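As numbered in the numbering used here, residues 96 to 297 make up the sequence shown, in order. Glycine is no exception: its CB is placed at the ideal position from the N, C-alpha and C atoms. From a predicted model like this one, the values you see are computed outputs, not experimental measurements. Working notes for the structure below.
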Amino acid sequence: MSLPAPQPVFDAQAYLAWEAEQSTKHEYHDGEVFAMAGASDAHVTVAGNVYMALRNHLRGSPCSVFISDMKLRVEEDNAFFYPDVFVTCADSDRGQSHSKSAPVLVVEVLSPATSAYDRGAKFAAYRKLPTLREYALIDPERLSLDLFRRDGDSKRWVLHPIEAGGHVEWASVGLQVPLEALYEDVPMTTTGPQPHPAPDQA
(Lines of atoms letter the chains of each structure in order from A and count residues from 1; the text may use other names and numbers.)
(Lines give C-alpha, C1' and ligand atoms only; values in the text may rest on other atoms or scores of the structure.)
Protein backbone atom coordinates (compact mmCIF):
# COMPACT_ATOMS: atom_id res chain seq x y z
CA MET A 1 0.00 0.00 0.00
CA SER A 2 1.19 3.53 -0.64
CA LEU A 3 -0.15 7.01 -0.20
CA PRO A 4 -1.04 8.86 -3.41
CA ALA A 5 0.92 12.03 -2.55
CA PRO A 6 4.32 11.89 -4.32
CA GLN A 7 7.58 13.06 -2.76
CA PRO A 8 10.55 14.73 -4.55
CA VAL A 9 11.81 13.33 -7.87
CA PHE A 10 14.85 10.98 -7.77
CA ASP A 11 16.70 8.63 -10.04
CA ALA A 12 16.81 5.01 -8.86
CA GLN A 13 20.19 5.19 -7.14
CA ALA A 14 19.33 8.43 -5.36
CA TYR A 15 16.06 6.86 -4.19
CA LEU A 16 17.86 3.84 -2.73
CA ALA A 17 20.35 6.03 -0.88
CA TRP A 18 17.62 8.37 0.36
CA GLU A 19 15.23 5.63 1.45
CA ALA A 20 17.94 3.85 3.45
CA GLU A 21 17.93 6.87 5.78
CA GLN A 22 14.14 7.12 6.18
CA SER A 23 12.13 5.84 9.14
CA THR A 24 9.24 4.76 6.89
CA LYS A 25 9.06 2.81 3.63
CA HIS A 26 8.60 4.47 0.25
CA GLU A 27 7.86 2.96 -3.14
CA TYR A 28 9.53 4.38 -6.25
CA HIS A 29 8.09 4.66 -9.75
CA ASP A 30 9.79 6.47 -12.60
CA GLY A 31 11.33 9.27 -10.57
CA GLU A 32 8.67 9.74 -7.90
CA VAL A 33 8.52 8.22 -4.42
CA PHE A 34 5.36 7.41 -2.50
CA ALA A 35 5.13 7.00 1.28
CA MET A 36 3.67 3.71 2.47
CA ALA A 37 0.50 3.93 4.54
CA GLY A 38 -0.41 1.86 7.57
CA ALA A 39 -2.61 -1.20 7.11
CA SER A 40 -5.78 -2.48 8.75
CA ASP A 41 -5.93 -5.50 11.05
CA ALA A 42 -7.67 -7.52 8.31
CA HIS A 43 -5.08 -6.50 5.72
CA VAL A 44 -2.15 -7.55 7.90
CA THR A 45 -3.83 -10.82 8.93
CA VAL A 46 -4.67 -11.84 5.36
CA ALA A 47 -1.13 -11.02 4.19
CA GLY A 48 0.29 -13.07 7.06
CA ASN A 49 -1.94 -16.02 6.21
CA VAL A 50 -0.85 -15.91 2.57
CA TYR A 51 2.80 -15.76 3.63
CA MET A 52 2.47 -18.73 5.99
CA ALA A 53 0.63 -20.87 3.43
CA LEU A 54 3.34 -20.23 0.86
CA ARG A 55 6.21 -20.51 3.34
CA ASN A 56 5.04 -23.86 4.68
CA HIS A 57 4.49 -25.21 1.17
CA LEU A 58 7.86 -24.05 -0.17
CA ARG A 59 9.96 -24.99 2.85
CA GLY A 60 13.06 -26.84 1.65
CA SER A 61 12.56 -25.78 -1.98
CA PRO A 62 14.74 -23.39 -4.02
CA CYS A 63 12.01 -20.74 -3.72
CA SER A 64 11.80 -17.97 -1.11
CA VAL A 65 8.76 -16.05 0.14
CA PHE A 66 8.92 -12.41 1.22
CA ILE A 67 6.36 -10.24 3.00
CA SER A 68 5.95 -6.45 2.85
CA ASP A 69 9.46 -5.31 3.88
CA MET A 70 11.38 -6.61 0.86
CA LYS A 71 11.66 -4.38 -2.20
CA LEU A 72 10.80 -5.78 -5.63
CA ARG A 73 12.61 -4.08 -8.48
CA VAL A 74 10.91 -3.71 -11.86
CA GLU A 75 13.84 -2.48 -13.92
CA GLU A 76 11.74 -2.50 -17.09
CA ASP A 77 9.49 0.19 -15.56
CA ASN A 78 12.09 2.03 -13.44
CA ALA A 79 10.32 1.07 -10.23
CA PHE A 80 10.75 -0.41 -6.77
CA PHE A 81 7.67 -1.74 -4.97
CA TYR A 82 6.92 -3.38 -1.62
CA PRO A 83 4.44 -6.16 -2.49
CA ASP A 84 2.45 -7.61 0.39
CA VAL A 85 3.80 -11.07 -0.48
CA PHE A 86 5.89 -12.42 -3.34
CA VAL A 87 7.81 -15.57 -4.28
CA THR A 88 11.07 -15.81 -6.17
CA CYS A 89 12.89 -18.97 -7.22
CA ALA A 90 15.74 -17.35 -9.16
CA ASP A 91 19.41 -17.92 -8.40
CA SER A 92 20.05 -14.27 -9.28
CA ASP A 93 17.85 -13.11 -6.39
CA ARG A 94 19.67 -15.10 -3.71
CA GLY A 95 22.66 -12.79 -3.82
CA GLN A 96 20.53 -9.63 -3.52
CA SER A 97 19.95 -8.77 0.14
CA HIS A 98 17.84 -5.60 -0.15
CA SER A 99 15.74 -6.12 -3.29
CA LYS A 100 14.64 -8.90 -5.63
CA SER A 101 13.79 -8.76 -9.32
CA ALA A 102 12.62 -12.17 -10.59
CA PRO A 103 9.34 -13.15 -8.90
CA VAL A 104 7.06 -15.91 -10.15
CA LEU A 105 4.13 -14.85 -7.94
CA VAL A 106 3.10 -11.48 -6.50
CA VAL A 107 0.19 -11.03 -4.07
CA GLU A 108 -1.30 -7.66 -3.13
CA VAL A 109 -3.95 -7.23 -0.42
CA LEU A 110 -6.29 -4.45 -1.48
CA SER A 111 -7.24 -1.33 0.44
CA PRO A 112 -9.69 1.44 -0.51
CA ALA A 113 -6.83 3.87 -1.12
CA THR A 114 -4.77 1.59 -3.36
CA SER A 115 -7.21 -0.75 -5.11
CA ALA A 116 -7.29 1.19 -8.39
CA TYR A 117 -3.50 1.58 -8.37
CA ASP A 118 -2.91 -2.13 -7.66
CA ARG A 119 -5.24 -3.08 -10.52
CA GLY A 120 -3.95 -0.42 -12.89
CA ALA A 121 -0.51 1.20 -12.95
CA LYS A 122 1.12 -1.27 -10.58
CA PHE A 123 -0.19 -4.31 -12.46
CA ALA A 124 0.99 -2.74 -15.72
CA ALA A 125 4.47 -2.46 -14.22
CA TYR A 126 4.45 -6.00 -12.84
CA ARG A 127 3.44 -7.40 -16.24
CA LYS A 128 6.80 -6.24 -17.59
CA LEU A 129 8.60 -8.73 -15.33
CA PRO A 130 9.48 -11.65 -17.64
CA THR A 131 9.57 -14.16 -14.77
CA LEU A 132 6.15 -13.30 -13.34
CA ARG A 133 3.55 -16.02 -13.88
CA GLU A 134 0.74 -15.02 -11.50
CA TYR A 135 -0.58 -11.88 -9.82
CA ALA A 136 -3.20 -12.12 -7.08
CA LEU A 137 -5.38 -9.36 -5.62
CA ILE A 138 -7.15 -10.17 -2.35
CA ASP A 139 -10.00 -8.16 -0.86
CA PRO A 140 -9.59 -8.30 2.95
CA GLU A 141 -13.18 -7.16 3.51
CA ARG A 142 -14.91 -9.99 1.64
CA LEU A 143 -14.08 -13.52 0.50
CA SER A 144 -12.81 -12.60 -2.94
CA LEU A 145 -9.54 -13.10 -4.80
CA ASP A 146 -8.72 -12.16 -8.39
CA LEU A 147 -5.94 -14.31 -9.80
CA PHE A 148 -4.31 -13.16 -13.02
CA ARG A 149 -2.23 -15.84 -14.77
CA ARG A 150 0.07 -15.35 -17.74
CA ASP A 151 -1.05 -17.38 -20.74
CA GLY A 152 2.07 -19.41 -21.50
CA ASP A 153 4.91 -17.19 -22.68
CA SER A 154 2.61 -14.60 -24.23
CA LYS A 155 1.74 -11.12 -23.01
CA ARG A 156 -1.85 -12.21 -22.45
CA TRP A 157 -3.12 -12.52 -18.88
CA VAL A 158 -6.21 -14.52 -17.93
CA LEU A 159 -8.37 -13.59 -14.94
CA HIS A 160 -9.49 -16.39 -12.59
CA PRO A 161 -11.91 -14.89 -10.01
CA ILE A 162 -12.31 -16.93 -6.83
CA GLU A 163 -15.17 -16.47 -4.38
CA ALA A 164 -16.34 -18.07 -1.12
CA GLY A 165 -16.10 -21.86 -1.19
CA GLY A 166 -13.46 -21.85 -3.93
CA HIS A 167 -9.83 -22.91 -3.95
CA VAL A 168 -6.86 -20.79 -4.94
CA GLU A 169 -4.50 -22.62 -7.28
CA TRP A 170 -1.12 -20.96 -7.54
CA ALA A 171 0.26 -23.00 -10.42
CA SER A 172 3.53 -21.06 -10.38
CA VAL A 173 4.47 -22.70 -7.07
CA GLY A 174 2.28 -25.82 -7.19
CA LEU A 175 0.01 -24.86 -4.29
CA GLN A 176 -3.75 -25.20 -3.94
CA VAL A 177 -5.39 -23.75 -0.83
CA PRO A 178 -9.01 -23.08 0.21
CA LEU A 179 -9.80 -19.38 -0.09
CA GLU A 180 -11.20 -19.39 3.45
CA ALA A 181 -7.79 -20.45 4.81
CA LEU A 182 -6.36 -17.11 3.71
CA TYR A 183 -8.95 -15.34 5.89
CA GLU A 184 -8.25 -17.28 9.09
CA ASP A 185 -8.79 -15.06 12.16
CA VAL A 186 -10.53 -12.40 10.05
CA PRO A 187 -14.20 -12.22 11.19
CA MET A 188 -16.26 -11.67 8.08
CA THR A 189 -19.01 -12.81 5.73
CA THR A 190 -18.92 -13.11 1.96
CA THR A 191 -20.16 -9.53 1.67
CA GLY A 192 -18.16 -7.75 4.32
CA PRO A 193 -16.91 -7.77 7.89
CA GLN A 194 -18.89 -9.87 10.35
CA PRO A 195 -21.12 -7.50 12.37
CA HIS A 196 -20.80 -7.52 16.13
CA PRO A 197 -23.80 -9.08 17.88
CA ALA A 198 -26.30 -6.65 19.33
CA PRO A 199 -26.26 -6.36 23.13
CA ASP A 200 -28.89 -8.31 25.03
CA GLN A 201 -32.04 -6.33 25.66
CA ALA A 202 -33.22 -6.12 29.24
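Are the CB atoms of G133 and F105 within a distance shorter than 8 Å?
no
What residues are listed by DSSP as bridge partners for H121?
A130
DSSP state of K195 mapped onto helix, strand, coil:
strand
What would DSSP say about T140, mapped onto helix, strand or coil?
helix
Below 8 Å between beta carbons: does that hold for Y221 and V201?
yes
Taking DSSP as the reference, what is the three-state secondary structure of V145?
helix
Could you check whether F175 and S194 sit closer than 8 Å to each other, using their CB atoms as the reference points?
yes
What does DSSP give as the partner residues of E258 in its beta bridges?
S239
On the premise that A276 lies in contact with N144, defined as a C-beta separation below 8 Å, what is that separation, rounded to the nearest angstrom?
7 Å
Can you say whether A208 is buried or exposed, counting buried as having 16 or more other CB atoms within 10 angstroms of its CB?
exposed
Can you give me the C-alpha to C-alpha distance between E279 and M131, rounded to a whole angstrom?
25 Å
With burial defined as no fewer than 16 other Cβ atoms inside 10 Å of the residue's Cβ, what is the status of D164: buried or exposed?
exposed
Quick one: is H262 buried, meaning 16 or more other Cβ sit within 10 Å of its Cβ, or exposed?
exposed
Which residue's Cα is closest to the Cα of S249: L224, I257, A259 and V272?
L224
Beta-carbon contacts of L254 that lie in its chain and below 7 Å, excluding the five residues immediately before and after
D241 and F243
To the nearest whole angstrom, what separates the beta carbons of V204 and I233, a pair I think is in contact under 8 Å?
5 Å
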